[in-house]
Each structure stands twice: as C-alpha cells, then as structure tokens.
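Student:
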Amino acid sequence: MTASALLVGLIIVPLAGAVLTPVVGGRDGARACGWATLVMVVTSGIAAALVVHVAQVGPFSAYLGGWEPPYGIELRFDEFSASVAIICLLGLLAVVFSLRYAAHELPPVRIGTYYTLLLLNLTGMLGFVVTGDVFNLFVFMEILSLSGYALVAISGERTAEMAAFKYLVMGAVSSLLVLFAIGLLYALTGSLNMADISARLSGAAEAPAMLALALLTTGLMVKAALFPLHVWLPDAHAIAPSPVSALLSGLVVKTGLLGLIRVYQIYYGAKVLDLSALNTVLVWLGAISIVMGAFFAIFQEDIKMMLAYSTISNIGYIVMGLGLASQYGMIGATVHIFNHALIKATLFLGAGAIIYRTGYRNLTDLRGVGRSMPFTTAAISVGAISIVGMPPTAGFLCKWYIALGAVQAGHPVFGVALVFGALFIFVYYIRMVNSFYFQQPVHPEILEVKEAPLSMLVPILILAALCLVMGLLGRIPLSFIEPAVTRLLGTVGG
Amino acid sequence: MIAMLWQNIDYVGSVVLFCIGLYCVITKNNLIKKFIGLNIMETSVFAFIIALGVVDGGEAPIMGAGASAPFTNPIPQALILTGIVVAVSTTALALSLIIRIYEHCGTIEADELREME
Amino acid sequence: MKRALTIAMLVLLAMPLLYAMSQLPPHGSATSPAYTHISPRYLERGPEEAGAENVVTDVILNYRGFDTNGEVTVIFTSLAAVLAVLLAGRKGDERPVREPAAEPSPPSVVVRFVVRLLGPFVTMFAVYVIINGHVSPGGGFQGGTVFGALVILITVVLGRSVAEKLQPLGVRRILQAAAPLTFVAVGVLGLALFGDYLAFPRDEALAWVRTSWLMVIEIGIGVGGAAIISAIFWQMGGDR
Chain G
6 MTASALLVGL IIVPLAGAVL TPVVGGRDGA RACGWATLVM VVTSGIAAAL VVHVAQVGPF
66 SAYLGGWEPP YGIELRFDEF SASVAIICLL GLLAVVFSLR YAAHELPPVR IGTYYTLLLL
126 NLTGMLGFVV TGDVFNLFVF MEILSLSGYA LVAISGERTA EMAAFKYLVM GAVSSLLVLF
186 AIGLLYALTG SLNMADISAR LSGAAEAPAM LALALLTTGL MVKAALFPLH VWLPDAHAIA
246 PSPVSALLSG LVVKTGLLGL IRVYQIYYGA KVLDLSALNT VLVWLGAISI VMGAFFAIFQ
306 EDIKMMLAYS TISNIGYIVM GLGLASQYGM IGATVHIFNH ALIKATLFLG AGAIIYRTGY
366 RNLTDLRGVG RSMPFTTAAI SVGAISIVGM PPTAGFLCKW YIALGAVQAG HPVFGVALVF
426 GALFIFVYYI RMVNSFYFQQ PVHPEILEVK EAPLSMLVPI LILAALCLVM GLLGRIPLSF
486 IEPAVTRLLG TVGG
Chain E
42 MIAMLWQNID YVGSVVLFCI GLYCVITKNN LIKKFIGLNI METSVFAFII ALGVVDGGEA
102 PIMGAGASAP FTNPIPQALI LTGIVVAVST TALALSLIIR IYEHCGTIEA DELREME
Chain S
1287 MKRALTIAML VLLAMPLLYA MSQLPPHGSA TSPAYTHISP RYLERGPEEA GAENVVTDVI
1347 LNYRGFDTNG EVTVIFTSLA AVLAVLLAGR KGDERPVREP AAEPSPPSVV VRFVVRLLGP
1407 FVTMFAVYVI INGHVSPGGG FQGGTVFGAL VILITVVLGR SVAEKLQPLG VRRILQAAAP
1467 LTFVAVGVLG LALFGDYLAF PRDEALAWVR TSWLMVIEIG IGVGGAAIIS AIFWQMGGDR
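Residue numbers (my numbering), protein chains in the order written: chain G, 6 to 499; chain E, 42 to 158; chain S, 1287 to 1526.
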C-alpha cells in the first residue's frame, strides 16, 4: 500500500462505513455500534500509519483521479494534518462509549441513524484536515456541520432542537462566508488548489484579497466559537448527548482553527498582505475569550454547561497562540489543539457517565458522587488538573509555550491574561472537585449508585491516562510540529 | 470607482442580495422567514460565483458539432452544482427542525420561543 | 429601532464589499485569471481526456470527481439528519397524530388518471436527462430530482402505498446509499487498476470505457438522489 492510497483510504473507509451503517445495523443499536467500532479501528490504523510516515519523510500528497494539481484535487498530509490521529482516537472511544449511553438516552429508533451521523461527522473532519483544495474543504466542512447539527438535536428534547436550530443558522451563515471567500480567491487566482492559490495570489489586487481573508477568518471563527461569535456553543454542546459533546467540543470546534492554519499557509506564502493587523485582532479576541469563557463558567450550575464555557476559554488560548505569530506561541497553540481535545473528551465523557448513572446534571445534586463512582471522578479530576494547566499534565506545557510565545512576540501583557484565565479556570474546577468529594450529598441515594459500566469506564480511563502521559512526554508533539511551524513562519521571516 | 462598479454590476447585485438576506436572518422573527433569508444569502453567493465564469459572448461549454469558441468557464458552474445540493440538504434539515419545534411548542416565532425557555 | 440599526450595520458592511468588488477583474473579460489559468485546459482537452462532450460534466465527474463524491455524501448526510430529527421519539414523545377535521376528499378521477398517464413519460424524461448528461445539460442530480418529483406527485395523488412500491423496503437502504457507494466502487476500481482513487482509463483506445464509466456514476447518482428525495419527503409528511 502506498502512502497516497492510505491517505485516500483515511476518508473513504469511514465514508463507506457510514453509508453502510443503516444496511448493516438496521435499527439494532448494538450491531450498528459494533460496525462503527470496526470501521473506526481500521481508520485509526490508517491514521497511525500516516502519522508515522509523515514523521519519517515529511509532507506528502495524493492526487485524486490521477490529475496533477492544480487541475485535479489534491489531498495534502503535513504535520498539521497529524491531528487525524486524535480525531480517530476520540472517534473510536466515543463510539465505544455510546454503546450503553445511546441505548439509555436516545429514542431506540434513532440509534442506527446516530452511528451513521457519528461516522459521517468523523469523515467530514478527516477530509477537512487533509484536503489541499479550498472547495473540497468547503464540501467536507458541510458534511461535518450538517451531521453536527443533527447530532445536537438527536435526543428529541425541545431544548435540543432549539439549540440545534440556532447552531444551524449560525453555522450556515459562516459556511456562506467561507464560500464567498472561495469565490473571491478563485476570481483573483483562477485556482482552487491551496498551494497554487498561494503562489498566484502575490500579484493580485489587495482589496479583494483582504476581503477574502476577512470572510474566511470570520467564517472559521464562528465554527471555532471565538468570542463574540460563540453564542451558539454553550447550548449546543451542553444539550447534545455526552459522546457528541465530547466530539463537538474536542474536535469540531478545532476544525475551525485548523482551517485558520490553512488560511495562514495560503496568505503567509503569498506575501500579498501584512497580516499583523489580523493577528492583533485575533490575539485580543483570544484574550477576551479566555477571560469571558472562564467568567461565565464560574456561574454555571449545570456540569456540562460549565464544560462548554470552558471550551470557549480554551479556544481563546489557541487563537491567542496562533495570533501571536511567534514560534513558541504557534507551537503551543497547535499542541493545545491536540491536548485540549484529549482533556475535554475526558471531562465530557466522565460527565456523561455520571449523568448516566445518577440522572443529575447540577453540581449541587451531584455532591458526594466521588464516593460511589471513584474511578470516573478520579478521571475527571485528572482532566480538571490538566485543563488548569498544572504540571505534570497535558495542559501545562502548551500553556507554558503560549506564555513564552507572548514574551517572544513582545507582548508579555497577554501572558498575564493567560495566567489570569488559568486562575478563573482553577476556581471553577476546584468547585466541581469539591462538590464531588468533600460536600455532604443532597441526595443520599447518590452514595448507592454503581460505578460506570466497563464500555464507558475504559474510554474514560484511557483518556485520563493519556492526559497524564502527554504531560510527561509533552516534548514529543512539540518537536513533531516544530518543523511545520518553522516552515510556516519562515515564509514571513519571523 | 463608480466606473469599475458599473463594469462589475453583476457582482454588485450579489452583494446587495447578500445584505438583504442577512437583514432577513437578523431581523425576522418567524423561523421560516429567517431561513428564507438564509436561502437568499445562499443564492447571492451562488450568483456571484456563477457570474465569475461568464465571458463576453461565451456559449455553454458543450463541445461537439456546431460549437464555437468562446465558451464560458465550466468550473464555477460545476462548483455551484455542488453548492446547490449542499444548500438543499441544509434546507431539508432546517425545515425538519422547524417542524419538530412547532410540534413541541406550537409556535415558530422566535420571541415566543424565547419566552418559553 | 432594531431594524434601523441592522440596516445601518449592513450598509457599513456593504461598503468594503463593494469596494472589493470594484477591484476584481472586470466581469466577462477573457483575460481574467479565472479564464486563463485552469479552465483553458478543461475546455481544450476535456472531451478527449475526461470522456464527456459537456465540459461541466467532465469537471464534476472526472477532474473534480472527489468534490462530487463529497457532495453525494452531503445529501446522504441530510437524509440521516432528517431521520435523526423526525423519527418518532421515546414513549410519550410520539409526534402528535393530527386528526384531520374532515376526511380529505381523494383527488378527482381526472387528476388520478392524468398522473397515471404522465408517470411513464416523466420516468422516460428522467432517464433521458440522466444518461444524456455527458453530451447536453443534465446529469444524475437533475434526472434524479425529476424522478424524485414524480414519486412525490404519486404520493400526493395516489397515496403513499402506491409510491412505496417503486422502492421496495428490502432494498431501500441500499438505494439511498447508491450514490456514495457507486463513487466508492468506481474510485476503488480506479485505485486498483490505474493507481489513483477515481482514476479513469486514460488510454486513447478506451474512450468508450471512459464514457460508460461516467454513465455508471450518473446512474448511481440519479438512483440515490431520487431515493433520498422521496425518503425525505415521506419523513416530513410524517411516518404515521
């Protein structure tokens, strides 16, 4: 198997798996889950092989239909695309977790469709991060957005449907902004291939190029839920089924950021515009996001609502790191995309397991659950420590790098915003851990509930263990992504 | 600039349409009207991209006997065929959500829905 | 007040948009980058290289076939999404069955007769649009939509039970997945035979294979599109 065939397989295997799920699974949830697990195991194997390959030989491409770019569509796998590894891992764990969760929480007739949509969502994300063609990027963005809207609404609750509709309207507008920008780029360059656009954009008129940049950034930042474009996120992420929340919060919002990295690749290479104005805006919005997300999270009673707001503040960290446009900042931000996915999936799946067993979502109601579900709450505590950014967990190194990046870029004041945000985050996670372990239960029966079933516990524990391992081996992803960041920033000489 | 705008009047048209659509999305209270606004925005973007492919005096890019150059650019047409399908899919999902919201709440006016929450 | 504010905001938004539009290459010019970079090759060599006289079909199915592969996946996603939203929920959450005020009067004999009469012709037109897509405007999506519209018409006039006979329950799930599956099958065949996903035979002597290959995809798209459109319609009408 050549690398390019594997690269195509990475998209085609989950795609074929998704469209065959209704045929294989019918309305039998367990069989659909088994099928989806099988598909994700194969896909994860492909992803692992690709990541190893890119570490050995550097970026490589697949030409679809055998047409060389710019005439055909190119799939491009570089170090940033290595995020397929985390997409596959979380996808696999979310599918396994869903076996018991979906049977319990979802209307039975919808369970088969649920797995179909889950696989389609993962297909969309995988395609989004490996494609090297702007219009193809749009197509995959639509696959992942459409399946995302439906997954939010799948529980059939009234609030879920309203949250999904809000998400859909904002998501559709942002997709249109991106499509508009693709049209502008096509008008200026006559091309849709990213590398080719970048090469041909240098002689183009400035105003349309700038407009395209603005539209792309706005559109992608709606998907990423950067403040003040975040209004759709808290409801959608809190109300969705927990495995879906883990995917949406851990991965789907990150595709907006990975898209932003692609936009940077196009524009840094083209040298048509000075990006420092955009970067300043992004750094400021990132800083505001950190503080506002954390601030709102403090006042949340609902555990999943709190986690959803914490996503906004972590998106702020990443956007700030990208906007600093310094070596350390960008490395830290890219690795935080990866680490935050791990951490947030641990927390959401953990919260899902607790809700599954107890039926409560509010922190007050959940007091004392630490005594009856020791493993799950221990995993959540590990996630909480990681997200605050305490050493030696996964969250520490990348936040440290982003802070270093702020100093390197000559804006130490943003390092202060970062520490300030971490303090806020510390407060509300302490509150959560405190109510799990140290407060008198409001509902005595909560001491009687059983530990989560194995199909839920194993994914949670794997993720929690990875949070610790990634903290100890934090250097590996940092040095893995370094050549790509150097290449990107090297084009501007910064 | 006015002369340039006049030359690109087709693009100006799609900008105007885009703004009208956005206006509906923001101000309309009825969910279906909001979504019609979104469809207007979609149409404006499609019209813009299709207009990019036009060439003066161009014919449909179908070769064969009797066809003579210049031909219009086939790429935008191909892209927008994809775009239309995407728009239809989004519309189908949005209407389904509206049906369900109506069944649950008995209304699809945004302000009344907000009061219910 | 809110309206005035929105209008003011939109006017402000329109200014940079219009300025950027004025800086674009002039509309209709044959020297614009869009017309001189990639499309000349498609226009000059499309019919020989890619297998269809309609260059738009060449772009959709061959040069940028992967986009269309994604696009049929989007339609499939929309079907799955509609099912996820509309399939009856848990107990006590069933969709209310609205009792019609009066039994709806069945469409008149004339309407029923005309629909029965039209059916075969509409079907023939759909097939024509699908298989003629490579030499004239048309193709799988358009033909599939025409056939889907016929199914909807039959549902409305003759009742759902008649319409459902067109898609037997046993194969309906396969039919709905037909378009992405055709793409995957053709793509993997290309990968196996010519080394690239969705690759078509390039050899000069194999022009007829190329064209029939395109036709297979068109038919797959048409069947899948029609199945999905009718399924979405039935679902919205209520699976009651």
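Even glycine gets a Cβ: it sits at the ideal position worked out from N, Cα and C. In this text the structure is predicted, and so the values were computed from the model without any measurement.
Under the three-state reduction of DSSP, which class applies to E/Val127: helix, strand or coil?
Tutor: Here residue 127 of chain E refers to the residue found at position 86 of the second sequence. In the structure shown, E/Val127 sits in a helix (DSSP, three-state: H, G or I).
Student: Under 7 angstroms Cβ-Cβ, which residues of chain S neighbour E/Leu63?
Tutor: Taking the first residue of the second sequence as position 1, residue 63 of chain E is located at position 22. Chain S residues near E/Leu63: Leu1296.
Student: Tell me which same chain residues have a C-beta within less than 7 angstroms of the C-beta of G/Ser455, skipping the five on either side of it?
Tutor: By 1-based counting over the first sequence, the position of residue 455 of chain G is 450. It is worth fixing the name first, because residue 455 of chain G is Lys in this sequence and not Ser. For G/Lys455, where only same-chain residues beyond five positions count, the Cβ hits under 7 angstroms are Arg362.
Student: Are the Cβ atoms of G/His235 and G/Leu312 separated by less than 9 angstroms?
Tutor: Position 230 of the first sequence holds residue 235 of chain G. Position 307 of the first sequence holds residue 312 of chain G. Cβ distance not < 9 angstroms, so G/His235 and G/Leu312 don't count as in contact.
Student: Run the CB neighbour count on S/Asp1489, radius 10 Å, all protein chains shown included, and call it buried at 16 or more, exposed below.
Tutor: By one-based count along the third sequence, residue 1489 of chain S stands at place 203. Exposed is the call here.
Student: Here's the rule: buried if 16 or more other CB atoms are within 10 angstroms of the residue's CB, otherwise exposed. What is G/Glu211?
Tutor: Taking the first residue of the first sequence as position 1, residue 211 of chain G is located at position 206. With fewer than 16 Cβ atoms within 10 Å of its Cβ, G/Glu211 is classed as exposed.
Student: So is G/Asp83 buried or exposed if we call it buried at 16+ other beta carbons inside 10 Å?
Tutor: Start at 1 with the first residue of the first sequence, and residue 83 of chain G comes out as number 78. The residue in question, G/Asp83, is buried, as its Cβ has 16 or more Cβ neighbours within 10 Å.
Student: Identify the contact partners of G/Arg163 in chain E, using a Cβ-Cβ distance below 7 angstroms as the criterion.
Tutor: What you label residue 163 of chain G is simply residue 158 of the first sequence in a count that begins at 1. The answer, in chain order, is His145, Cys146.
Student: Just to confirm, are G/Pro239 and G/Met310 a CB contact at a threshold of 9 angstroms?
Tutor: Walking along the first sequence from the start, residue 239 of chain G turns up at place 234. Walking along the first sequence from the start, residue 310 of chain G turns up at place 305. Going by C-beta atoms, G/Pro239 is nearer than 9 angstroms to G/Met310.
Student: In angstroms with no decimal places, state the Cα-to-Cα distance between G/Thr26 and S/Thr1359.
Tutor: The sequence position of residue 26 of chain G within the first sequence is 21, counting from 1. The sequence position of residue 1359 of chain S within the third sequence is 73, counting from 1. Distance between the alpha carbons of G/Thr26 and S/Thr1359 is about 13 angstroms.
Student: Rounded to whole angstroms, how far is the Cβ of S/Leu1296 from the Cβ of G/Gly70, which I believe are closer than 8 angstroms?
Tutor: Looking up residue 1296 of chain S in the third sequence gives position 10. Looking up residue 70 of chain G in the first sequence gives position 65. Not confirmed; about 42 angstroms, so no contact.
Student: For a contact defined as C-beta to C-beta under 7 angstroms, what are the partners of G/Met167 on chain E?
Tutor: Residue mapping note: residue 167 of chain G aligns to position 162 of the first sequence, counting from 1. By Cβ distance, chain E contributes Ile142, Leu154.
Student: Where do the N-terminal and C-terminal ends of the beta strand (DSSP E) with G/Arg32 fall, by residue?
Tutor: Indexing the first sequence from 1 puts residue 32 of chain G at position 27. Here G/Arg32 belongs to no beta strand (DSSP E), and DSSP marks it neither H nor E.
Student: Going by the DSSP bridge assignment, what does E/Asn71 pair with across the sheet?
Tutor: Indexing the second sequence from 1 puts residue 71 of chain E at position 30. According to DSSP, E/Asn71 bridges with E/Glu150.
Student: Less than 7 angstroms between C-beta atoms, sequence neighbours within five positions excluded: which residues of the same chain meet that for G/Gly328?
Tutor: Taking the first residue of the first sequence as 1, we reach residue 328 of chain G at position 323. Taken in chain order, the residues that qualify are Asn284, Leu287, Val288, Gly291.
Student: Apart from the five residues just before and just after E/Tyr143, which ones in its own chain have a Cβ nearer than 8 angstroms to its Cβ?
Tutor: By 1-based counting over the second sequence, the position of residue 143 of chain E is 102. The answer, listed in chain order, is Ile149.
Student: With a 10 Å radius around its C-beta and 16 neighbouring C-beta atoms as the bar for buried, classify S/Ala1517 as buried or exposed.
Tutor: Residue 1517 of chain S sits at position 231 when you count from the first residue of the third sequence. It counts as buried.
Student: Check distances from the C-beta atoms of the stretch 1339-1365 of chain S to those of chain E and list, in chain order, the residues that come in under 7 angstroms.
Tutor: Answer in chain order: Glu1339, Asn1340, Val1341, Val1342, Val1345, Ile1346, Arg1350, Asp1353, Thr1354, Glu1357, Val1360, Ile1361, Thr1363, Ser1364.
Student: In terms of alpha-carbon separation, which member of S/Trp1499, S/Ala1513, S/Pro1311, S/Tyr1321 lies closest to S/Ile1417?
Tutor: If you number the third sequence from 1, residue 1417 of chain S lands on position 131. The shortest C-alpha separation from S/Ile1417 is found at S/Trp1499.
Student: Check each residue of the stretch 1449-1481 of chain S: if its Cβ is closer than 8 angstroms to any Cβ of chain E, include it; give the result in chain order.
Tutor: Flagged: no residues at all.
Student: DSSP three-state call for G/Thr136: helix, strand or coil?
Tutor: Along the first sequence, read from residue 1 onward, the residue named residue 136 of chain G stands at position 131. In the structure shown, G/Thr136 sits in a strand (DSSP, three-state: E or B).
Student: Any beta carbon of chain E sitting closer than 9 angstroms to that of G/Ala192?
Tutor: Taking the first sequence and counting its residues from 1, the one referred to as residue 192 of chain G is at position 187. With 9 angstroms as the cut-off, G/Ala192 counts as an interface residue toward chain E.
Student: Below 9 angstroms between beta carbons is the criterion; list the residues of the stretch 1318-1331 of chain S that meet it against any residue of chain G, in chain order.
Tutor: Within the stretch 1318-1331 of chain S, the residues whose Cβ lies closer than 9 angstroms to some Cβ of chain G are Ser1318, Pro1319, Ala1320, Tyr1321, Thr1322, His1323, Ile1324, Ser1325, Arg1327, Tyr1328, listed in chain order.
Student: Check whether the stretch 416-426 of chain G touches the stretch 345-356 of chain G, taking contact to mean three or more Cβ pairs, one atom from each stretch, closer than 8 angstroms.
Tutor: Taking 8 angstroms as the limit for Cβ pairs, the verdict is that the stretch 345-356 of chain G does not touch the stretch 416-426 of chain G.
Student: Please list the partners that G/Ser196 has in chain S, where partner means a Cβ-to-Cβ separation under 7 angstroms.
Tutor: Residue numbering aside, residue 196 of chain G sits at position 191 when the first sequence is read from its first letter. Those are His1323, Ile1324, listed as they occur along chain S.
Student: Applying a beta-carbon distance threshold of less than 7 angstroms, which residues of chain S neighbour G/Arg115?
Tutor: In the first sequence, the residue the question calls residue 115 of chain G occupies position 110. Under the 7 angstroms cutoff, chain S gives Ala1370, Leu1373.
Student: What did DSSP end up calling S/Asn1355 once you bin it into helix, strand or coil?
Tutor: As a first step, residue 1355 of chain S must be located in the third sequence, where it is residue number 69. S/Asn1355: helix per DSSP, three-state reduction.
Student: I need the DSSP call for G/Arg267, collapsed to helix, strand or coil.
Tutor: Mapped onto the first sequence, residue 267 of chain G falls at position 262. Correct three-state label for G/Arg267: helix.
Student: Comparing the C-beta of G/Asn284 with each C-beta of chain S, is any distance below 9 angstroms?
Tutor: Numbered from its first residue, the first sequence carries residue 284 of chain G at position 279. Chain S, which has no Cβ nearer than 9 angstroms to the Cβ of G/Asn284, makes this no.
Student: In terms of residues, what are the limits of the alpha helix (DSSP H) holding G/Arg362?
Tutor: Taking the first sequence and counting its residues from 1, one reaches residue 362 of chain G at position 357. 332-363 is the extent of the alpha helix (DSSP H) around G/Arg362.
Student: Which whole runs of the alpha helix (DSSP H) in the stretch 256-329 of chain G are 4 residues long or more, in chain order?
Tutor: Counting only runs of 4 or more, we get 258-275, 281-303, 308-329.
Student: Can you name the residues of chain S whose CB is closer than 7 angstroms to the CB of E/Gly105?
Tutor: Within the second sequence, numbered from 1, the residue matching residue 105 of chain E stands at position 64. Within 7 angstroms Cβ-Cβ: Glu1339, Val1421.
Student: With DSSP as the reference, please indicate the residues paired to E/Ile103 in a beta bridge.
Tutor: Residue mapping note: residue 103 of chain E aligns to position 62 of the second sequence, counting from 1. Note: E/Ile103 sits in a beta bridge opposite S/Asn1340.
Student: Closer than 6 angstroms by C-beta to G/Ser377: which residues in its own chain qualify, once you throw out the five before and the five after it? Chain order, please.
Tutor: Along the first sequence, one-based indexing puts residue 377 of chain G at 372. Closer than 6 angstroms at Cβ, skipping near neighbours: Leu452, Val454.
Student: Sort G/Met325, G/Leu459, G/Phe485 by Cα distance to G/Gly410 and report the nearest one.
Tutor: Position 405 of the first sequence, counting from 1, holds the residue named residue 410 of chain G. When each option's Cα is compared against that of G/Gly410, the closest is G/Met325.
Student: So which residues of chain G does S/Tyr1483 contact, with C-beta pairs closer than 8 angstroms?
Tutor: The count along the third sequence starts at 1 and reaches residue 1483 of chain S at position 197. Those within 8 angstroms of S/Tyr1483 in chain G are Ala10, Val13, Ile17, Ala67, Leu69, Gly70.
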